[in-house]
Amino acid sequence: MYMEKFFTVIFSTALALILVACGGDEEPEQVDGDVNEDSGEIEQDIDLGFNEEDIPEVIATVNGQELDRDLYIALLQQEANNLLMQGVDMSTEEAQNYMNDAKRENLEHLVNEELIIQVAEERGITATEEEVDAEISMYLDSMQIEESQLNEMLDEQGLSMDDVREDFIDLVLRAKFIDEEISTPDITEDEIEATYEELVANAGEEIPTLDEYREDIEQYLKSQKEQEELNLIIKDLKEDSEIERFV
């Protein structure tokens, strides 16, 4: 579990909405208000660090393609809910600064993802049925749920498996684009050991051995280097794109 803080899972619109709607298993600490037993969300009006009414229907356009606000709001709700689950007072300056950063970062993330999908489609990159099925299976395994449970969650949100499938197609396109554009980085033993030492220093308790973590650490370092290379690619794509932001 110590490695979890290093990894960011990229969820598409339907998946992020599901996560926000379903909430978590734990209730927020020291927060007044009722918690909806079905969704896990807090029903009382609480300062979440943003106001939905201030967010326009279209948050940005990327080469003429509109990005609606649904996923943006869902991601911000997820950020706020994570803080509430930790018992964070959302009225503090630290929490407000965190949410302000989250607004900027999530907007830019959505713009970046749209750019990648657009370029992938322009290059004729496609996703086969088998690849999409495999991606869905990986998601179900990672969330430790059955497809029937996912269908139930989707139904509660007025969504269908077809909606989710479209989102997984984008995930496959993104992965294929990255495979084509980014070379597999080399990871040295020194880098692995330094990362493990950082884990030990930050854990605050005894953790498994380096050998047990080696594979996870190596994958993290590869992902980190790939992301750095991807950021450079996205920077170039932005220079050749027309992007307008409205939040």
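At position 235 of the sequence shown the residue is numbered 217 (our numbering), and the sequence of numbers has no breaks. Every residue, glycine too, gets a C-beta built ideally from N, C-alpha and C. Values in this document were obtained by computation on a predicted structure and should not be read as measured data.
Taking 8 angstroms as the cut-off, the Cβ atoms of A56 and R227 do not count as close. The way I'd put it, the stretch 188 to 197 doesn't touch the stretch 151 to 169; fewer than three beta-carbon pairs between them come closer than 8 angstroms.
DSSP, reduced to helix, strand and coil, places T177 within a helical segment of the structure shown. Counting along the chain, no alpha helix (DSSP H) covers E226; the unbroken beta strand (DSSP E) around it starts and ends at 225 to 227. DSSP, reduced to helix, strand and coil, places D50 within a strand of the structure shown. Between Q60 and E96, the gap from beta carbon to beta carbon reaches 8 angstroms or more. When DSSP reads this structure, V44 sits in a beta bridge with Q47, I225. Exposed is the label assigned to K217, since fewer than 16 other Cβ atoms lie within 10 Å of its Cβ. Taking C-beta separations shorter than 7 angstroms and ignoring five residues to either side along the sequence, the partners of V114 in its chain run R147, F150, I151, V154, following chain order. Contiguous beta strand (DSSP E) elements confined to the stretch 162 to 207 do not occur, taking only those with 3 or more residues. Sequence-distant Cβ neighbours of I98 in its own chain, meaning closer than 7 angstroms and more than five residues away, are R156, F159. Shortest Cα-Cα distance from Y178 to any of L30, L49, E197, H91 involves E197. Cβ neighbours of E200 within its own chain (closer than 8 angstroms, five residues either side excluded): I169, I174.
Its Cα nearest to that of P38, the residue D50 stands out among M67, V44, D50, D29. Annotated as distal: L58 and A77, with beta-carbon spacing of 8 angstroms or more. When only Cα atoms are considered, M143 and A183 end up about 43 angstroms apart. Taking C-beta atoms under 8 angstroms as the contact rule, V44 and I225 qualify, at a distance of about 5 angstroms.
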